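Asker: Handing you a structure now.
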Amino acid sequence: MPDPTLSCLTLLGAWALIGFAGLVRPGSVFVVGRVLFPLGALVGVALALVALVNAAQPADQLVLPLGLPDLPFHLRSDALSDVFLFLLGAASAGVSIFGAGYFRSGEGTAPGLLCLQYHLFLASMGLVLLADDAYLFMLTWETMALSSYFLVTTQHRLPEIRRAGFLYLLIAHVGAIGILLSFGVLQGGSWQFTFDAMRAAQLSPAWAAVAFLLALFGFGAKAGLVPLHVWLPEAHPAAPSPVSALMSGVMLKTALYGLLRVTFDLLGEPVWWWGLVPLAFGLFSAIYGVVFAAAQTDMKRLLAFSSIENIGILFTGVGLAIVFGGVGMRTLASLALVAVLYHAVNHAFMKSLLFVGTGSVLHATRERNLGRLGGLIHRMPWVAWLTLIGALAIAGLPPLNGFVSEWLLLQAFLSAYQVPKPFLGMLLPLGAALIALAAALAGYVMVKFYGVIFLGQPREASLERAHDAGWLERIGLGWLAAGCVVLGLFPRHFIDLLELVPMQFGLIQARTIGGNWWRVIPVMERQAAYAPVLFLLVVGLVIALTVFVVSRLYHVRARRSAPWDCGFARLDARMQDTAEGFGQPIRHIFQPFFSMQRELPTPFDRAPHYRVTIGERIWTHAYLPLAELVQRTARAVAWLQQGRIATYLLYSFVTLLVMLGLVL
Amino acid sequence: MELIVLLAIPLAGAAWAAVLGERPYAPEANTAFSFATLIAAAALAMRVIGEGSFSAADEQFFIDPFNVFLVTLTAFVGFTTSLFSRPYMRIEFEHGRIKPRQLRLYHSMYQLFVAAMLIALTSNNMGLVWVAMEAATLSTVLLVTLYRTPASLEAGWKYFILCGVGIAQALFGTILLYFAAEKVLGGEGMTALLWTHLNAVKGSLEPAVLSLAFVFLLVGYGTKVGLVPLHNWLPDAHAEGPTPISAVLSGLLLNVAAYAVVRCKVLVEGSLGSPLPGRMLMAFGLFSVVVASFFLWRQRDIKRLFAYSSIEHMGIITFAFGMGGPVANFAALLHMTVHSLTKSAIFFAVGHAAQKAGTQVMDDIRGLITLSPTVGWGLMLGALAILGLPPFGVFASEFLILTTAMRDHPWATPILLLALGVAFAAIFGRVQPMVFGETSAKRLPVFAHLGLVLMLGVFIPPSLAEWFRLAAQLIAGS
Amino acid sequence: MSVIPWLTQALEVLAAIAVAPLFGGWIVQCRAWLQNKSAPSIWLPYRAIHKLFHKEAVLAERASPLFRFAPYVVFGSMVCAAAIIPSMGTRLPFSGAADAIALVGLLATARVFVSLAAMDVGTAFGTLGARREMMVGFLAEPALLMVIFVASLISSSTALPEISDALATQPFALYPSLAFTAVAFVLVLLAENARIPVDNPATHLELTMIHEAMLLEYSARHLALMEWAAALKLFNYACIGFALFVPWGVATEQAQTPAALFASLPILAAKLAAAGVGLALIETVSAKLRVFRAPEFLATAFLLAVLGLLVNLLLRA
Amino acid sequence: MSELPFDLQILNALAALFLLLAFAMLAQRRVVALVSLLAFQGALLCAATLLLAHRTGQWHLYFSALLTLALKVVFLPWLLRRLIRRLGVYWDSEPLINTTATMLLGLLVVIFSFGLAQPIAALASTATRNAIGIAVAVVLLAFLTMITRRKAMSQVVGFLSMENGLFFGAMSATYGMPMIVELGVALDVLVAMLVLGVFFFQIREQFDSLDLHHLESLKEEQ
């Protein structure tokens, strides 16, 4: 059995090598697409397996002779990092194999360069997960941001994409500053920036809280927690779909990883009230994200907002875990934690699947606007059916994987009334209500997403020429979809892996989530249990039986004819709901969330047209004023530079006098 | 021996160029001289690493780890810049923006400038340091006005007057230093201005005089470092001169000035035994960082933009030296190195970019990456590096500086971070559209520098680290 | 292991499938009486389904496989739901497979498939219906969850059989929280089953229709399955209501004897009859809401449920 | 200070005169006159150097006196006068701050610098006790002169008088700097002046005037 950390490191190195190999023949789509990306996918699979093996083993450290003179690179592979490495490897494998078929030449950056950026992105994410000292962490963290920035700006000719990239890198940088400060506090006077030193450091409660909040800010900015989310709906649509898939599916999770690492590992014993902050922001983000997703008309923006929702759910779970841990209900804390990790992995698969699905649609139709899509299930059945799995999963429907994690989280929430704190016991269950609301809304969003893109009549004539995905892309989609199904049907085994994390954090000594291969029992049997396999079996059985009976007793004749539609003859594509139309009830109900400019036609318009632009209030109320402030300061400062040499001499003169006065 | 060679080569180059500087092979010769200088510097460095610090010419010159690394850096950047200036100046020449005479002037002054800086760095005599600094100024003044445009003349004039006045203050500071020193060392011998001797007896120097002297020295050399509010000459001079000159001004001259300030600070701190000088440096540095970062926001001219960014980084370095202590000094030295490498690389890229686009106005420069990928990537990576994004070395030094600041002066950290954030938004917001986007219409040095910076970010060679450490201790005065 | 639980399970499912249309018919009867009209035969639903099965299915040209597949999924999940709900006995082998939350998820699956199928052909009415259905759904679903949470707080379990068992066996106590949630549940039931005031089951062509609008393109066996599934849904909801609020009479954990089991049959029938009358009454006295008002209606339900939760946490009752 | 030996009294007198000249330059608006004042300053400097050389008998002081004479009394004034004639700038226009205000400022500056020099003068072992104070004062006054002038030429003169002040300080406080430094400094000043000459002509041919308001275009747009 090779050294765990080293084996992971080698695989990451392999990724980097593959990336640089792309520069050998940068122009050749064949080399990049047919050789390098599949190789990258293989490495991903290998990484996932290695991580699975390593998770069971004790934490293992490695020091490289690189880095700062008195702070060489420390690496460490423990349960937490292994879970996320598994996530990275498994999800990226699917995305890479998809990307192998997806990337064509002639689109912005040359394939070879793209290959380099893509694999450096992967490798840096892996290193973030392995890093065991602040410097390496920050280094890889920012490298991750940088490489993804270049990937986002692949189509840099479009100004809005440049804007997106700028916004993304800026907020990433600000967040990184927060993280850096957090580390600065965490070292707690030892001025050793290895994580070991931070684990050992004894912080006063106040400073610990500061460190936690700083970390929450920094990682929240990366994860796209409202109100730091503004970059996300810009950057995700801008990037090529496989990249969006990685960013949304994997990169956001590294932020979650960081938060968990800091909170439970470096800070050690979290205080209960810390949890309320991520809880509150998480719940808000969940609702906010899904509501805005429902209002979107660009399919990738829609998915981006849905990512914000899921990030919200994740942070809610983290907050819940912290609260439970803080008040000493460790079993429940570990339950919440497992739910969070499970959802993280689920989301990696579901969201990557959906994003690459939109990628195929984009390639087939050159169209991102939902208003110009529709009926693709006939033209591209593979994409349609595989994407359906992702859509159902992310809508949290049993027996797919999305349901499992939300179910576990709700189970944890249900026990929250026992928290021995005034009000909390009463307020936390309301959180469950909000999560339920978010889940239901997600269902709404996904019906809109899927129905408008794949069902109904094509809204543009050009869609009739849409072609289905190539075989490599199908493999990618299939892999991810399979992940959704397997994770949904056999949660127990995976939970075994996840439970290593709370054990590593010392929340629990032994596994607490019971059950066997076909069912999960979170707390105790009579309270709740869930057996997806059985579930699917029964439904499937009934369906099969029904089909059988119907066909036996009656017949299965069917004939085609024009749709009836209440006898209306001249039915055309424009009569079905547009994306706007489908989102209308949400806009109606959640009015206060939006800042809308509407152009309504008057009854007398010859050519009536209707336009609505949906903005976020956060922009107008927080971000723009900030920029304005900086501008004003800059203008004030610029006044110093008046061009008159006498003035400049005066400056020196006064400076001289002042300083002389100082030493006088 | 190496020392004499080191100083002789550029002087000879200057003399030669003064006569034959406009010959067609002049640029190559210029490069050759710079390369020879680099070799000599390397030899010198080898020797210092081998035998430790030594002094020469009855102690008028003195080499220790601190200045020898700056010497090497200077020689290196001087060499790469000469490489860059070869094609650059040729194009300028072909566009008829400069005449043979000016080319001659350019080459001779270039060599003279390098020589002056080397003397300033290696000299042990504070008076001589002053003389060399002044010489460096004078040799560049005429280069700033090389194009004879009104703007360039104005810039040159401001440069001349402000730095002249500043340097005069420095001279007065030096006099006061001497005045204090001769009490201890006696005026007759030449030793009273020798830094080594001063350093030896700094404890017994008269505090009142030294504090006074330090004020004058700081204001004087600080003007050349470009500390706000003494910086006003800097953006103009950078923007109007030929780009190679901007590169060496930003990359080298500022360093040398900072070096002088630090030398003085060591003495004064030793004599006062109070943190006052350090505090002054920190105040200047912080002020410069903040103000410069806001200046960045309103720039139109690409070279002005990066000139202000130089001010910002000089502020950071000054701040770090002000904090003192081995780590901070180490970080400051590292920052000096990476800054001069990165910034000169950026100016190389900017030079090519401006020549390609035919303008220095940023709004008119678009889509470099399609116009010329190497320039585009060079500018983009350089900008990202200077903004302190990993894995580039600037991040390493800023990481050290910030963490030290967090420990020793927590109040300063938020200010620094604010400034860095503002600067990031400003510079990156300008650079991105220039590099990317739709255009409306062999560069080794850039990537050589960036490569080095990249390496320093991930891995600092032990020898270099040791070197820095020695220097840091030296400055820390232990 | 005894055969009784399996018997119960089988009996429940079969009963559900068999009785569901009848229940629908019964409600129509009651409503006719209340509005003193002459009622159609109570067996009409069966005849309708039978007839539909005989017919030849007519599909729109654009209909995709999903359109043909959906009815089976919906029907299947409704049957599966029926298997989770303890309508006669609380000791069900299948209850270990899925708790109340899973039940809600199952209903959601059915809803999503109906809506997707409705959007498949791409008619104006179809998408309109789908949109409205989802709108109703996303408000009703959390409300239903809240209702279940309250009950599960009382019985500290989310498995429906456990809940009703606990409620049925423990000494009778007044639960103000349950009162709130009961009201909320009724509202959800009305909304989810396309009853007045949210939708009108008695109409086929109305601009404000929801459920019917989604089925417009269906015919023959598919329509039959859809209708049957709808009936099953109503039946299931009714049974959920019984399990939560009037659990008495079901064969409980301790006393799950064949006698108890068979005793529970007439009791269930009685409950259903009463429920039918109640529904008919509501539908008679209340007028249909405008669709825009539906969210407020459901928000009320959600609020009541949450209120119930708070009351429960406050009074621990 | 009556107990001072006679030559030192002379030195003090020279110092006072030096200060007076600085004031005069602050007030003077005719460029030619400024230059002659500058020359006079140089002469004083030279005299003081000779005096000290005689008193201490350090040979290098004689040398530097010679240097001063050659450079600051003869050459530079000649150069400047020539430039003035060639460029035809005789008058400086109205100073930025009116003269009386400037003088008051100057007074404050002098007080300040004397106060500054107190502790140093207290420990000065050299014959000249308050020379430093005067030197500081002269430097700052010259600074003030530069700030208040509009014409490039007068600014340069101010600059040179600043240098004179420095040298006077060096001389009286420390009996002059080491030779090598003196040489270097002198060389620099010389070169600076030559550069200036070039400059003037360049500026002239650009703006056909030496008025500084032509040189105020490089600034941050508001």
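Residue numbers (my numbering), protein chains in the order written: chain P, 235 to 898; chain G, 152 to 629; chain R, 798 to 1114; chain F, -8 to 213. In this text, a Cβ means the ideal position worked out from N, Cα and C, and glycines have one as well. These numbers come from a predicted model, not from an experiment.
Show which residues of chain R have a CB atom less than 8 Å away from the CB atom of Met660(P).
Answerer: Correct list: Leu1107, Leu1110 and Leu1111.
Asker: Output the boundary residues of the beta strand (DSSP E) element that contains Asp294(P).
Answerer: Asp294 to Leu302 is the extent of the beta strand (DSSP E) around Asp294(P).
Asker: Please classify Asp209(G) as buried or exposed, where buried requires at least 16 neighbouring CB atoms within 10 angstroms.
Answerer: Exposed, because fewer than 16 other Cβ atoms sit within 10 Å of the Cβ of Asp209(G).
Asker: Quick check: Gln810(P) and Gly690(P), are their CB atoms within less than 7 Å of each other?
Answerer: In contact: Gln810(P) and Gly690(P) (Cβ atoms closer than 7 Å).
Asker: Relative to the C-alpha of Phe549(P), which residue among Ala570(P), Asp806(P), Pro272(P) and Gly346(P) is closest?
Answerer: Nearest of Ala570(P), Asp806(P), Pro272(P) and Gly346(P) to Phe549(P), Cα basis: Ala570(P).
Asker: Taking only the alpha-carbon atoms, compute the straight-line gap between Leu662(P) and Met680(P) and give it to the nearest angstrom.
Answerer: Cα-Cα distance, rounded: 27 Å.
Asker: Take the Cβ of Lys334(G) as the centre, count every other Cβ of all protein chains shown within 10 Å, and call the residue buried at 16 or more, exposed below.
Answerer: So Lys334(G) ends up on the buried side.
Asker: So with Cβ pairs under 7 Å, would you call Ser886(P) a contact of chain G?
Answerer: Chain G, which has a Cβ nearer than 7 Å to the Cβ of Ser886(P), makes this yes.
Asker: Starting from the beta carbon of Leu107(F), find every residue of chain P whose beta carbon is closer than 7 Å, and list them in chain order.
Answerer: Under the 7 Å cutoff, chain P gives Leu894 and Leu898.
Asker: Going by C-alpha distance, which of Met260(G), Thr223(G) and Ile552(G) is nearest Gly164(G)?
Answerer: Closest by alpha carbon: Met260(G).
Asker: On the criterion of 16 or more Cβ atoms from any shown chain inside 10 Å, does Asp367(P) qualify as buried, or is it exposed?
Answerer: Its Cβ being crowded by 16 or more others within 10 Å, Asp367(P) is buried.
Asker: If you draw a straight line from the C-alpha of Ala703(P) to the C-alpha of Pro474(P), how long is it?
Answerer: Answer to the nearest angstrom: the Cα atoms are 16 Å apart.
Asker: Could you check which residue in Arg840(P), Pro842(P), Trp853(P) and Thr836(P) has the C-alpha nearest to that of Ser829(P)?
Answerer: Ranking the options by Cα distance to Ser829(P), first place goes to Trp853(P).
Asker: Note the first and the last residue of the continuous alpha helix (DSSP H) segment covering Arg396(P).
Answerer: It spans Pro393 to Leu420 - the alpha helix (DSSP H) in which Arg396(P) sits, taken as one unbroken run.
Asker: Nearest CA to the CA of Thr223(G): which residue from Gly247(G), Ile270(G), Arg237(G) and Pro238(G)?
Answerer: When each option's Cα is compared against that of Thr223(G), the closest is Ile270(G).
Asker: Near Arg430(G), which residues of its chain fall below 8 Å by C-beta distance, leaving aside the five closest residues on each side in sequence?
Answerer: Only Gly473 meet the Cβ criterion.
Asker: Got a sec, what are the start and stop residues for the alpha helix (DSSP H) Thr273(G) sits in?
Answerer: Where Thr273(G) is concerned, the enclosing alpha helix (DSSP H) stretches over Pro251 to Thr273.
Asker: Quick one: using the 10 Å Cβ neighbour count with 16 as the cut-off for buried, is Ala592(G) buried or exposed?
Answerer: Caution is warranted here: a pLDDT of 47 is assigned to Ala592(G), below 50, making its placement in the model unreliable, and the coordinate value is therefore given only provisionally. Per the 10 Å Cβ criterion, exposed.
Asker: Name, in chain order, the residues that DSSP records as bridge partners for Tyr885(P).
Answerer: In DSSP, Tyr885(P) forms no bridge with anything.
Asker: Decide if Gly509(G) is buried, meaning its Cβ has at least 16 other Cβ atoms within 10 Å, or exposed.
Answerer: It is exposed - the Cβ of Gly509(G) has fewer than 16 other Cβ atoms within 10 Å.
Asker: Give the straight-line distance between the Cα atoms of Phe977(R) and Leu643(P), rounded to the nearest whole angstrom.
Answerer: Phe977(R) and Leu643(P): Cα-Cα distance of roughly 25 Å.
Asker: Quick one: what does DSSP say Lys210(F) is sitting in, helix, strand or coil?
Answerer: Note: Lys210(F) maps to coil in three-state DSSP.
Asker: If Asp917(R) and Phe850(R) are in contact, beta carbons under 8 Å, what's the gap, nearest whole angstrom?
Answerer: About 22 Å separates the two Cβ atoms, so there is no contact after all.
Asker: Using three-state DSSP, classify Ala857(R) as helix, strand or coil.
Answerer: Three-state DSSP puts Ala857(R) in a strand.
Asker: Which same chain residues end up closer than 7 Å to Ser629(G) when comparing Cβ atoms and leaving out the 5 residues on each side of it in sequence?
Answerer: Bear in mind that the predicted position of Ser629(G) carries a pLDDT of just 46, short of 50, making it unreliable; the figure below should be weighed with that in mind. Closer than 7 Å at the Cβ level, and outside the excluded window around Ser629(G), lies no residue.
Asker: Tell me, please, whether the segment 731 to 746 of chain P touches the segment 561 to 578 of chain P by the rule of three or more beta-carbon pairs shorter than 8 Å.
Answerer: Touching, yes, given that three or more Cβ pairs across the two stretches are closer than 8 Å.
Asker: Taking contact to mean at least 3 C-beta pairs separated by less than 8 Å, is the segment 864 to 873 of chain P in contact with the segment 362 to 373 of chain G?
Answerer: Contact between the segment 864 to 873 of chain P and the segment 362 to 373 of chain G is absent, because fewer than three Cβ pairs lie under 8 Å.
Asker: Per DSSP, which one or two residues make a beta bridge with Arg845(P)?
Answerer: In the DSSP output, where bridge partners are listed per residue, Arg845(P) has Glu833(P).
Asker: For Ser185(G), report the span of its alpha helix (DSSP H) as first-last.
Answerer: Looking at the DSSP string, the run of the alpha helix (DSSP H) that includes Ser185(G) is Ala177 to Glu202.
Asker: Return helix, strand or coil for Tyr329(G), following the three-state DSSP convention.
Answerer: DSSP places Tyr329(G) in helix when its eight states are reduced to three.
Asker: Under DSSP, the alpha helix (DSSP H) around Pro797(P) begins and ends at which residues?
Answerer: Unbroken run through Pro797(P): none, as it is neither H nor E.
Asker: In the DSSP assignment, the beta strand (DSSP E) including Ala207(G) goes from what residue to what residue?
Answerer: Residues Phe205 to Ala207.
Asker: CB-CB under 6 Å to Gln155(F), same chain, minus the five flanking residues each way: which ones, in chain order?
Answerer: One detail in the question is off: residue 155(F) reads as Asn in this sequence, not Gln. Around Asn155(F): Gln32 and Leu36.
Asker: Would the C-beta of Val720(P) count as close to the ligand MN, meaning under 6 Å from any of its heavy atoms?
Answerer: Among the components of this structure there are no ligands whatsoever, and the ligand MN is therefore not found.
Asker: Please state whether the Cβ-Cβ distance between Ser381(P) and Gln351(P) is less than 7 Å.
Answerer: Contact: yes.
Asker: My output table needs one value for Glu1014(R): the three-state DSSP class, helix, strand or coil.
Answerer: DSSP places Glu1014(R) in coil when its eight states are reduced to three.
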